[in-house]
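Protein chains in written order, with our numbering: chain A, 1 to 417; chain B, 418 to 834. C-beta atoms are modelled at their ideal positions from N, C-alpha and C, and glycine is treated no differently. In this text, all values refer to a predicted model and were calculated from it rather than measured experimentally. Please read the structure below before turning to the comments.
Protein chains: 2
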Amino acid sequence: MSDDALTELRQRADRLDAEHVATDRRDAFELPEGVTYLDGNSLGALSLAARDALRDAVDRQWGRQLIRAWNESRWWTAPERVGDRIAELVGAPAGSIVVGDSTTVSLYKAVYAAARLRADDSRRVVLTDPDSFPTDVHVTRGVCDQLGLTLELVHPTEAASRLEGSNDVLLAAYSHVDYRTGELWDLAAITRAAHDAGALACWDLCHSAGVVDVDLAGGGADFAVGCGYKYLSGGPGAPAFLYVAPAHLPRFTNPILGWNGHATPFAMSPEHVPAEGITRARVGTPPVLGIVALEGALTAYDGLSVGDVRARSLSLTGFFLDCLDLLGIDLPVATPREDTRRGSQVSLRHPDAYAVVQALIARGVIGDFREPDIVRLGFAPLYLSHGDVLDAATALREVLVGEEFARPEHRRRDLVT
Amino acid sequence: MSDDALTELRQRADRLDAEHVATDRRDAFELPEGVTYLDGNSLGALSLAARDALRDAVDRQWGRQLIRAWNESRWWTAPERVGDRIAELVGAPAGSIVVGDSTTVSLYKAVYAAARLRADDSRRVVLTDPDSFPTDVHVTRGVCDQLGLTLELVHPTEAASRLEGSNDVLLAAYSHVDYRTGELWDLAAITRAAHDAGALACWDLCHSAGVVDVDLAGGGADFAVGCGYKYLSGGPGAPAFLYVAPAHLPRFTNPILGWNGHATPFAMSPEHVPAEGITRARVGTPPVLGIVALEGALTAYDGLSVGDVRARSLSLTGFFLDCLDLLGIDLPVATPREDTRRGSQVSLRHPDAYAVVQALIARGVIGDFREPDIVRLGFAPLYLSHGDVLDAATALREVLVGEEFARPEHRRRDLVT
Numbered sequence: 001m002s003d004d005a006l007t008e009l010r011q012r013a014d015r016l017d018a019e020h021v022a023t024d025r026r027d028a029f030e031l032p033e034g035v036t037y038l039d040g041n042s043l044g045a046l047s048l049a050a051r052d053a054l055r056d057a058v059d060r061q062w063g064r065q066l067i068r069a070w071n072e073s074r075w076w077t078a079p080e081r082v083g084d085r086i087a088e089l090v091g092a093p094a095g096s097i098v099v100g101d102s103t104t105v106s107l108y109k110a111v112y113a114a115a116r117l118r119a120d121d122s123r124r125v126v127l128t129d130p131d132s133f134p135t136d137v138h139v140t141r142g143v144c145d146q147l148g149l150t151l152e153l154v155h156p157t158e159a160a161s162r163l164e165g166s167n168d169v170l171l172a173a174y175s176h177v178d179y180r181t182g183e184l185w186d187l188a189a190i191t192r193a194a195h196d197a198g199a200l201a202c203w204d205l206c207h208s209a210g211v212v213d214v215d216l217a218g219g220g221a222d223f224a225v226g227c228g229y230k231y232l233s234g235g236p237g238a239p240a241f242l243y244v245a246p247a248h249l250p251r252f253t254n255p256i257l258g259w260n261g262h263a264t265p266f267a268m269s270p271e272h273v274p275a276e277g278i279t280r281a282r283v284g285t286p287p288v289l290g291i292v293a294l295e296g297a298l299t300a301y302d303g304l305s306v307g308d309v310r311a312r313s314l315s316l317t318g319f320f321l322d323c324l325d326l327l328g329i330d331l332p333v334a335t336p337r338e339d340t341r342r343g344s345q346v347s348l349r350h351p352d353a354y355a356v357v358q359a360l361i362a363r364g365v366i367g368d369f370r371e372p373d374i375v376r377l378g379f380a381p382l383y384l385s386h387g388d389v390l391d392a393a394t395a396l397r398e399v400l401v402g403e404e405f406a407r408p409e410h411r412r413r414d415l416v417t
Numbered sequence: 418m419s420d421d422a423l424t425e426l427r428q429r430a431d432r433l434d435a436e437h438v439a440t441d442r443r444d445a446f447e448l449p450e451g452v453t454y455l456d457g458n459s460l461g462a463l464s465l466a467a468r469d470a471l472r473d474a475v476d477r478q479w480g481r482q483l484i485r486a487w488n489e490s491r492w493w494t495a496p497e498r499v500g501d502r503i504a505e506l507v508g509a510p511a512g513s514i515v516v517g518d519s520t521t522v523s524l525y526k527a528v529y530a531a532a533r534l535r536a537d538d539s540r541r542v543v544l545t546d547p548d549s550f551p552t553d554v555h556v557t558r559g560v561c562d563q564l565g566l567t568l569e570l571v572h573p574t575e576a577a578s579r580l581e582g583s584n585d586v587l588l589a590a591y592s593h594v595d596y597r598t599g600e601l602w603d604l605a606a607i608t609r610a611a612h613d614a615g616a617l618a619c620w621d622l623c624h625s626a627g628v629v630d631v632d633l634a635g636g637g638a639d640f641a642v643g644c645g646y647k648y649l650s651g652g653p654g655a656p657a658f659l660y661v662a663p664a665h666l667p668r669f670t671n672p673i674l675g676w677n678g679h680a681t682p683f684a685m686s687p688e689h690v691p692a693e694g695i696t697r698a699r700v701g702t703p704p705v706l707g708i709v710a711l712e713g714a715l716t717a718y719d720g721l722s723v724g725d726v727r728a729r730s731l732s733l734t735g736f737f738l739d740c741l742d743l744l745g746i747d748l749p750v751a752t753p754r755e756d757t758r759r760g761s762q763v764s765l766r767h768p769d770a771y772a773v774v775q776a777l778i779a780r781g782v783i784g785d786f787r788e789p790d791i792v793r794l795g796f797a798p799l800y801l802s803h804g805d806v807l808d809a810a811t812a813l814r815e816v817l818v819g820e821e822f823a824r825p826e827h828r829r830r831d832l833v834t
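In structure tokens, the structure reads:
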């Protein structure tokens, strides 16, 4: 391509960055020099506020308040407090979200509770997406096996027709965004189809929370879970969140009965009396350090509307798609080009996808590989600019044009891909 | 009492501290000036190595290695690696312990797996201690309800006779140390009684790991769980550990099927194939920050034998009991005086126990209250000295003699007691 075309793209990037300056939170994060980080959908970048919150939690709260920090630093109520902050990002009312366990454990609780709410002699089927992140399929199948239910693997595009006119489905458990292709599914439509068939709907928001204007309440979702360490930048292994629609809370049955979900935990009674509200979804002592870090990270959203963040995200991914076209990168794009069907990532297919990702990393552009042939590039909107997007696209062009992916050093697989 | 008696006690404290100098790890912890911390059995004191490990994990690993830290900083294998370090403290072989979820979730997995191993038409009964920490009773009852089993509340002193000659029990699930009284139960004897009756044994080591010379393998325990944030000082809400006897691993059924317990997690297969070994007990993405902090904290045990730590612990609690006698503190002692029956705490009964604890805290001696009438004083051996023990005893004497517990400000209850 000509230098002129590149100059024009650079000018466009600058113009778009100026347009979206209100959602630029780059100063809230630390990223190494020379790195363009397109893996915030796997591990969000270091949040400076998370780091500071963690230091305070360790040095002052743990170190000096000691056991008193449970009251003085409000550790005990942190799962609900941080849940309320996340609720603002995913269109949920206060008191409907709790954080603490992993996504998988949270989903186990959601699917189990849904089944207990709705399973009867005629309703024995749970639908889920065979292309969901595997843990979703595993944990859902596990609950079905435990309760004698049938798991049916139905792609999201077929979910509505499978549900229509049926009366055997009790739950449709879907991911909001396909973790590989980045396709955004219609939460409201699938939820409506489930409800019309008398079923419940459970959503995995791992790849939409914080970047898509999720509307759990408006969409009628019954249950949802989501991850704290991807776009929310809560840190490695950050606690996940669990949403239970308020209408279901009085009959929410937690399969893992622990003291943190008890109505009066410090009465130390051997009888389990579930707490009112979302607290009954808690289990054991919460991972305080992880929750505190997540709470710090969420301050990056202070003063922002998630709608504006979504607009920035779409602008970034849309600009990247344009760059692919204008730079002549003609890899098959697995991600829908329509805004309404796209999460916050762009996935490309390449037969040597793993090596392409490694070659990009060697150029300072960090994305990741997903089986079997996906180059996955996530665009965390709070700390990426349109300039970064252009840098990534030009690096990808170099990798492909120079066939850098063919070098042997880019083919060595690590334990974690 | 006379000044002479106090002087003599002080000399004895100094002599005992000199005798046990090899297990003094006070320098590995930070405690506020003027505080005698007798609540390390609820939240262990700040470990400096945990703090440093966490800083490195945040600033360098998360901040600069970013997603690459899963390989470069060995985050992925941390649950098993830290499990192996804990195994050395509780007499378990390498490859039998994993860390990650909360104690309650870990116990849920253990009880469920035990039931799946052993429940049949004739064995439908699970025994547990009505006086166990409530979460143990709740989660065990929950599994029983799910699987149609019967929970029988049988005190540890009655467990052997309940088991003898029976053939209906599938699991005896007990706590190694009573969290209120500090009584240490005979793990090997109860396990033997369970095995003689064809049942399995599961142990909660929350109040013994790191302070009692637990011998899981020698005692024949089938399953065990324990806490990372008490004597192990992993930090608030630190991940718990789960032990599965190697003989049971091939048939261990995890009720919560997640991608971290999969044989080939990065193949991203929708079929769940359990990993070999203890890895199959993993569930979701592990709480990396919490595990890293715990790994740091465990370095306090480097170069120590747990037998020597146990000897120091018994010396501390034994000296405290002597101080009570010699200082004329005649509260009923809930904790056994025999070394073989005592964990690492001393619990006293007082009708105003809550206020007594608050009055002690006002004097800088931090213990805790447990319903209904327990003043609970934990002696974390690594950072407490016999001098601290004497300070605590003299403070207690002042609180009682001066009736300081009668002051109104000591009766106000906080959320977390």
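Neighbour-count burial assignment, residue i, 16 or more Cβ in a 10 Å radius
i, result
"residue 219 (chain A)", "buried"
"residue 693 (chain B)", "exposed"
"residue 600 (chain B)", "buried"
"residue 16 (chain A)", "buried"
"residue 672 (chain B)", "buried"
"residue 712 (chain B)", "buried"
"residue 167 (chain A)", "exposed"
"residue 136 (chain A)", "buried"
"residue 747 (chain B)", "exposed"
"residue 7 (chain A)", "exposed"
Segment limits, alpha helix (DSSP H) that includes residue i
i, result
"residue 735 (chain B)", "723-743"
"residue 374 (chain A)", "No alpha helix (DSSP H) contains residue 374 (chain A), which is instead part of the beta strand (DSSP E) from 374-378."
"residue 808 (chain B)", "803-818"
"residue 472 (chain B)", "465-473"
"residue 14 (chain A)", "3-19"
"residue 82 (chain A)", "78-89"
"residue 31 (chain A)", "Counting along the chain, residue 31 (chain A) falls outside any alpha helix (DSSP H), and DSSP gives it neither H nor E."
"residue 66 (chain A)", "Per DSSP, residue 66 (chain A) belongs to no alpha helix (DSSP H) and is neither H nor E."
"residue 705 (chain B)", "705-715"
"residue 574 (chain B)", "573-580"
Bridge partner(s) assigned by DSSP for residue i
i, result
"residue 99 (chain A)", "A:241"
"residue 226 (chain A)", "A:241"
"residue 126 (chain A)", "A:151, A:171"
"residue 202 (chain A)", "A:173, A:223"
"residue 453 (chain B)", "B:782"
"residue 679 (chain B)", "B:691"
"residue 759 (chain B)", "B:600"
"residue 750 (chain B)", "B:765"
"residue 787 (chain B)", "B:791"
Endpoints, beta strand (DSSP E) assigned at residue i
i, result
"residue 762 (chain B)", "762-766"
"residue 615 (chain B)", "Here residue 615 (chain B) belongs to no beta strand (DSSP E), and DSSP marks it neither H nor E."
"residue 175 (chain A)", "169-175"
Pair within 8 Å by beta-carbon distance, residue i and residue j
i, j, result
"residue 178 (chain A)", "residue 213 (chain A)", "no"
"residue 497 (chain B)", "residue 696 (chain B)", "yes"
"residue 674 (chain B)", "residue 138 (chain A)", "yes"
"residue 580 (chain B)", "residue 610 (chain B)", "yes"
"residue 500 (chain B)", "residue 647 (chain B)", "no"
"residue 737 (chain B)", "residue 822 (chain B)", "no"
"residue 660 (chain B)", "residue 684 (chain B)", "no"
"residue 127 (chain A)", "residue 172 (chain A)", "yes"
Practice problem: With 8 Å as the limit, tell me which residues of the region 557-575 of chain B have their beta carbon closer than that to any beta carbon of chain A; keep them in chain order. | Solution: Listed in sequence order: 558, 559, 563, 570.
Practice problem: Select from the region 435-460 of chain B all residues with a C-beta closer than 7 Å to any C-beta belonging to chain A, and list them in chain order. | Solution: Listed in sequence order: 447, 449, 454, 456, 459, 460.
Quiz item: Closer than 7 Å, Cβ to any Cβ of chain B: which residues of the region 97-110 of chain A, in chain order?
Solution: Listed by position along the chain: 101, 102, 103, 104, 105, 108.
Quiz item: Any residues in the region 261-288 of chain A with a beta carbon nearer than 9 Å to a beta carbon of chain B? Which ones, in chain order?
Solution: Shown in chain order are the members of the region 261-288 of chain A whose Cβ falls below 9 Å from a Cβ of chain B: 261, 262, 265, 266, 267, 268, 269, 270, 271, 272, 283, 284, 285, 286, 287, 288.
Self-check item: Residues in the region 486-499 of chain B having any Cβ partner in chain A nearer than 8 Å
Solution: Per Cβ criterion, the list reads 486, 487, 488, 492, 493, 494.
Quiz item: Relative to chain A, which residues along the region 787-809 of chain B have a C-beta separation below 8 Å, given in chain order?
Solution: Here the close residues are 787, 788.
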